[in-house]
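Q: Quick one: the structure is below, questions incoming.
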Amino acid sequence: MMIKIEHEDNSLTKGLQQFFKRLLETREIDALFLPVRLKDSSSIMPSLVTESVQVDNAVPLSPAFPLNSGRMVSRLSYKLSGRKTAVLLRPCEIRAFIELIKLKQGSRQELILIGIDCPKALSSSDYTAYMEKDPLDDDAYIQKVFSENDKTLNGFNFSSACNTCENPFPVNTDMNILLHGVDLSDGMIVESASETGQNILETLNMQQATEPVKRDEVVAQIKEAGLKANEEMIKDIEEKTNSITKLNSFLDRCINCYNCRNMCPVCYCKECVFNTDVFYHQPVQYHQWAEKKGAVKLPTDTVFYHLTRLAHISHACVGCGQCSNACPSDINVFELFKSVAQNTQAAFEYSPGTDENEPPPLSVFHEKEFEDIIGIERE
Amino acid sequence: MEKFEPVIIAFVCNWCTYTAADLAGTSRLSYPTNIRLIRVMCTGMVDPQYVIKAFLEGADGVLISGCHPGDCHYINGNYKARRRIKLLKEILPRFGIEKDRLHLTWIGASDGIEFAEIMTQLNDQIIEIGPSQTRLSKVI
Ligand code: SF4
Ligand code: SF4
Ligand code: FES
Numbered sequence: 354m355m356i357k358i359e360h361e362d363n364s365l366t367k368g369l370q371q372f373f374k375r376l377l378e379t380r381e382i383d384a385l386f387l388p389v390r391l392k393d394s395s396s397i398m399p400s401l402v403t404e405s406v407q408v409d410n411a412v413p414l415s416p417a418f419p420l421n422s423g424r425m426v427s428r429l430s431y432k433l434s435g436r437k438t439a440v441l442l443r444p445c446e447i448r449a450f451i452e453l454i455k456l457k458q459g460s461r462q463e464l465i466l467i468g469i470d471c472p473k474a475l476s477s478s479d480y481t482a483y484m485e486k487d488p489l490d491d492d493a494y495i496q497k498v499f500s501e502n503d504k505t506l507n508g509f510n511f512s513s514a515c516n517t518c519e520n521p522f523p524v525n526t527d528m529n530i531l532l533h534g535v536d537l538s539d540g541m542i543v544e545s546a547s548e549t550g551q552n553i554l555e556t557l558n559m560q561q562a563t564e565p566v567k568r569d570e571v572v573a574q575i576k577e578a579g580l581k582a583n584e585e586m587i588k589d590i591e592e593k594t595n596s597i598t599k600l601n602s603f604l605d606r607c608i609n610c611y612n613c614r615n616m617c618p619v620c621y622c623k624e625c626v627f628n629t630d631v632f633y634h635q636p637v638q639y640h641q642w643a644e645k646k647g648a649v650k651l652p653t654d655t656v657f658y659h660l661t662r663l664a665h666i667s668h669a670c671v672g673c674g675q676c677s678n679a680c681p682s683d684i685n686v687f688e689l690f691k692s693v694a695q696n697t698q699a700a701f702e703y704s705p706g707t708d709e710n711e712p713p714p715l716s717v718f719h720e721k722e723f724e725d726i727i728g729i730e731r732e
Numbered sequence: 007m008e009k010f011e012p013v014i015i016a017f018v019c020n021w022c023t024y025t026a027a028d029l030a031g032t033s034r035l036s037y038p039t040n041i042r043l044i045r046v047m048c049t050g051m052v053d054p055q056y057v058i059k060a061f062l063e064g065a066d067g068v069l070i071s072g073c074h075p076g077d078c079h080y081i082n083g084n085y086k087a088r089r090r091i092k093l094l095k096e097i098l099p100r101f102g103i104e105k106d107r108l109h110l111t112w113i114g115a116s117d118g119i120e121f122a123e124i125m126t127q128l129n130d131q132i133i134e135i136g137p138s139q140t141r142l143s144k145v146i
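First to last, the protein sequences are chains A and B.
The numbering used here numbers the first residue of the first sequence as 354 and each following residue consecutively.
The numbering used here numbers the first residue of the second sequence as 7 and each following residue consecutively.
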């Protein structure tokens with residue numbers, strides 16, 4: 354089923370707000386979770402909204418992407434709350450949340466998942482700079498980002514995660530808001546993606562829409578452009594990091610703050626080994642390293658940390674780019690992770706965030722598999 | 007030129023490969039001293055981290071060796087180990103640590119002779135591949 358979201362006062366954003374208000378007023382749901390512009394501020398943060406008037410501050414589509422909300426939805430759903438919440442997420446946020454469901458760190462039971470064609474993102478620091486310098490209004494932004502497939506916005510690059518994304522379209526939801534390949538002068542389209550979604554859309558009593566004819570073609574074009582950009586990015590980052598020494602140089606500004614881990618939506622451990630006593634070395638240990646190598650930079654264990662994180666979670670990397678966004682040293686950790694994730698995901702034929710019944714590859718095994726790696730014959 | 011003496015770290019399970027090593031010892035079989043055995047209760051407890059650390063500290067080769075399929079004393083630790091080694095074989099070569107520096111074998115408790123043979127072959131192989139890049143790097 355497809356319904357139409359029309360402009361409200363000539364505005365797509367207001368039209369969307371109207372749609373979310375109607376959702377909230379159906380009483381099918383108790384709360385909305387979506388990006389909201391905070392009072393007297395240009396910051397847009399994901400917020401849990403229960404009052405209809407608050408929806409007037411919602412900005413469902415903007416270049417602000419302060420964090421991967423998949424992680425926040427896990428906080429809202431890891432236990433039952435007795436409330437039903439409709440959550441609006443970007444495609445990579447949905448993928449992350451699906452990974453967390455697999456790890457029992459979230460549940461769909463009390464949620465309505467609403468996906469949206471991705472409106473792309475600037476890094477948080479670029480977003481602040483962009484907002485200070487003649488930004489587009491919310492609607493002009495939507496028009497621009499969904500009509501041109503540009504890599505920049507007012508001279509700022511979209512995040513490299515967005516510019517190399519092969520899949521900026523939502524899957525695995527209850528309903529999706531479609532903009533690509535849709536005639537936006539006529540409004541937007543919401544399609545149901547599950548039975549629950551369909552039932553809710555029916556109660557809204559809104560005008561039905563017809564399949565946007567150009568959509569498949571536009572989707573294919575965008576995917577292809579993403580794939581191509583991704584290939585180039587991977588080639589470049591592989592070249593930059595194809596030895597341990599080069600990897601070390603790539604990471605040489607890393608201060609082991611672990612922000613990249615903290616903001617990674619799929620880095621799931623409650624307590625990370627890098628925060629344990631194992632890495633609280635004895636003073637003499639540093640001296641021994643220095644004596645062995647001639648010199649040792651502190652903090653230590655930087656390459657070790659990143660390689661371990663790659664081993665632990667690259668299979669689940671959803672390519673959201675939040676690791677780079679969080680890095681105070683401006684290291685493009687995302688490119689490193691995506692380039693390795695591509696290999697590890699292919700090795701286990703694993704596609705994170707697509708199917709909640711597909712178990713994470715390191716949580717299962719088969720008796721007969723990978724027999725070619727057993728033994729000491731050279732490959 | 008000085009002869010290259012590799013450092014090879016072998017994580018061996020207590021119940022099978024370690025017992026085989028013991029048997030090799032009591033049977034007075036010799037094998038290269040470059041191989042440093044680290045006894046673990048099961049190959050299933052070898053976190054990828056241990057392997058990464060060994061390489062970063064300059065190991066030229068790493069071996070994980072445990073019970074044959076079906077013989078693991080914790081039922082399936084060796085199957086889990088196999089997935090982890092598969093994973094590492096995807097990640098490490100990307101950073102120039104060649105696939106052939108990392109191996110997984112099954113050596114049963116009574117295979118003392120096989121143990122000594124495999125260690126000798128492994129040592130020869132690593133000598134052939136040459137010193138690991140991490141020996142020279144300042145990376146910790
Ligand atoms: S590693 Fe980076 S890009 Fe991948 S899921 Fe984590 S934060 Fe997102
Ligand atoms: S966020 Fe940047 S500086 Fe902090 S640990 Fe990650 S890579 Fe290092
Ligand atoms: S006990 Fe030997 S591999 Fe598990």
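All residues carry an ideal CB built from backbone N, CA and C; glycine is no exception.
Quick caveat, the model's predicted, so the values are computed rather than measured.
1. Check the Cβ-Cβ distances between B:T1 and every residue of chain A, and say whether any is below 8 Å.
2. Only counting runs of 3 or more residues, tell me where the beta strand (DSSP E) segments fall wholly within the segment 90-139 of chain B, in order along the chain.
3. B:L96 versus chain A: which residues are under 7 Å apart at the beta carbon?
4. May I ask you to report which of helix, strand or coil DSSP gives A:Q561?
5. Whole beta strand (DSSP E) runs in the segment 508-581 of chain A with 3 or more residues, listed along the chain?
6. Measuring alpha carbon to alpha carbon, tell me which residue in A:T481, A:P523, A:K504 is nearest A:A514.
7. Taking DSSP as the reference, what is the three-state secondary structure of A:K593?
8. For the beta strand (DSSP E) containing A:L464, name the first residue and the last one.
9. Residues of chain B with CB under 7 Å from A:L600, in chain order?
10. If A:V402 and A:V412 are in contact, beta carbons under 8 Å, what's the gap, nearest whole angstrom?
11. Cα-Cα, which of A:C613, A:Q635, A:P636 is closest to A:C625?
12. Using a Cβ-based criterion (distance less than 7 Å to any ligand heavy atom), does A:P419 qualify as near ligand 2?
13. Compute the minimum distance between the beta carbon of A:A679 and the heavy atoms of ligand 2, and state whether it is under 7 Å.
14. Against B:L35, what residues of chain A qualify as contacts under a CB-to-CB distance less than 9 Å, listed in chain order?
15. DSSP state of A:F701, grouped into three classes?
16. Given this structure, state the Cα-to-Cα distance separating A:S427 from A:L456, to the nearest angstrom.
17. Tell me which residues share the same chain as A:R448 and place their Cβ nearer than 7 Å to its Cβ, disregarding the 5 neighbours each side in the sequence.
18. Could you spell out where the beta strand (DSSP E) holding A:F657 opens and where it closes?
19. Within a Cβ cutoff of 8 Å, which residues of the same chain sit near B:T140, ignoring the five residues on either side of it in sequence?
20. Let's see if you can read the secondary structure: which residues bound the beta strand (DSSP E) around B:C19?
21. Run through chain B and tell me which residues come within less than 7 Å of A:E732, C-beta to C-beta.
22. In chain A, which residues lie less than 9 Å from B:V145 when you measure between Cβ atoms?
23. Please report the residue range of the beta strand (DSSP E) in which A:R380 lies.
24. Counting contacts by CB-CB distance shorter than 8 Å, is B:T23 in contact with chain E?
25. Give me the Cα-Cα distance between A:F418 and A:S478, rounded to the nearest whole angstrom.
26. Output needed in chain order: residues of the segment 661-688 of chain A with a Cβ under 9 Å from some Cβ in chain B.
27. Please report the straight-line C-alpha distance between A:I382 and A:Q561, rounded to a whole angstrom.
28. Hey, could you find the ends of the beta strand (DSSP E) B:G67 is sitting in?
29. Could you tell me whether the Cβ of A:I726 comes closer than 8 Å to any Cβ of chain B?
30. Using beta-carbon positions only, say whether B:Q108 and B:L93 come within less than 8 Å of one another.
31. Thinking C-alpha only, which one of A:E485, A:K623, A:E404 is nearest A:F386?
32. So if I threshold CB-CB distances at 7 Å, which residues from the segment 44-72 of chain B count as touching chain A?
33. Could you name the residues of chain A that B:P124 contacts, counting a contact when the two beta carbons are closer than 8 Å?
34. For A:N685, which residues in the same chain have their Cβ closer than 8 Å to its Cβ, ignoring the five residues on either side in sequence?
35. Check B:I175 in the structure and name its three-state DSSP category.
36. Rounding to the nearest angstrom, what Cα-Cα distance links B:H74 and A:F723 in this structure?
A: In brief:
1. The structure shown does not extend to residue 1 of chain B, since chain B is modelled only from 7 to 146, so the question has no answer here.
2. Runs of beta strand (DSSP E) with 3 or more residues, each lying fully within the segment 90-139 of chain B, are found at 108-112, listed in chain order.
3. Rather than Leu, the amino acid found at residue 96 of chain B in this sequence is Glu. In chain order, N696, T697, A700 make up the part of chain A whose C-beta sits under 7 Å from the C-beta of B:E96.
4. When DSSP states are grouped into helix, strand and coil, A:Q561 belongs to the strand group.
5. For the segment 508-581 of chain A, whole beta strand (DSSP E) runs of length 3 or above, ordered along the chain, are 528-531, 541-545.
6. Among A:T481, A:P523, A:K504, the Cα nearest to that of A:A514 is on A:K504.
7. Reduced to three states, the DSSP call for A:K593 is helix.
8. In this chain, the beta strand (DSSP E) harbouring A:L464 covers 464-469.
9. Neighbours of A:L600 on chain B, chain order: F101.
10. That belief does not hold up - the Cβ atoms of A:V402 and A:V412 are roughly 12 Å apart, past 8 Å.
11. Comparing Cα-Cα distances from A:C625 to each of A:C613, A:Q635, A:P636, the minimum goes to A:C613.
12. With a threshold of 7 Å, the Cβ atom of A:P419 does not count as near ligand 2, since no heavy atom of the ligand is closer than that.
13. Taking the Cβ of A:A679 as the reference point, at least one heavy atom of ligand 2 falls within a distance shorter than 7 Å.
14. For B:L35, no chain A residue has a C-beta closer than 9 Å to its own C-beta; the minimum C-beta separation is roughly 17 Å.
15. Residue state, collapsed to three classes: coil.
16. If you take the alpha carbons of A:S427 and A:L456, they lie about 10 Å apart.
17. These residues qualify, in order along the chain: V671, P705, G706.
18. Membership of A:F657 in any beta strand (DSSP E) is not indicated; the residue belongs instead to the alpha helix (DSSP H) covering 655-666.
19. Setting aside the 5 residues that flank it on each side, B:T140 is surrounded in the same chain by F61, L62, E63, G64, A65, I103, each with a C-beta closer than 8 Å to its C-beta; the list follows chain order.
20. Start and end: 14-19.
21. Simply K105, D106.
22. The answer, in chain order, is I597, T598, L600, N601, K646, T655, V656, F657.
23. From DSSP, A:R380 is part of no beta strand (DSSP E); its letter is neither H nor E.
24. The question asks about chain E, but that chain is absent: this structure's protein chains are A and B.
25. When rounded, the distance between both Cα atoms is 11 Å.
26. Per Cβ criterion, the list reads T661, L663, A664, H665, S667, H668.
27. Using only the alpha carbons, I get a separation of about 22 Å.
28. It spans 67-72 - the beta strand (DSSP E) in which B:G67 sits, taken as one unbroken run.
29. Closer than 8 Å: yes.
30. Reading the sequence as shown, one finds Leu at residue 108 of chain B and not Gln. Judged by beta-carbon spacing, B:L93 lies beyond the 8 Å limit of B:L108, meaning their Cβ atoms are not closer than that value.
31. Of the candidates A:E485, A:K623, A:E404, the one whose C-alpha sits nearest the C-alpha of A:F386 is A:E404.
32. Result list: P54, Q55, I58, K59, L62.
33. One point to set straight first is that residue 124 of chain B is Ile, not Pro, in the sequence displayed. Simply I729.
34. Around A:N685: S513, I590, S677.
35. Look at the range of chain B in this structure, 7 to 146, and you will see that residue 175 of chain B is not part of it.
36. Using only the alpha carbons, I get a separation of about 14 Å.
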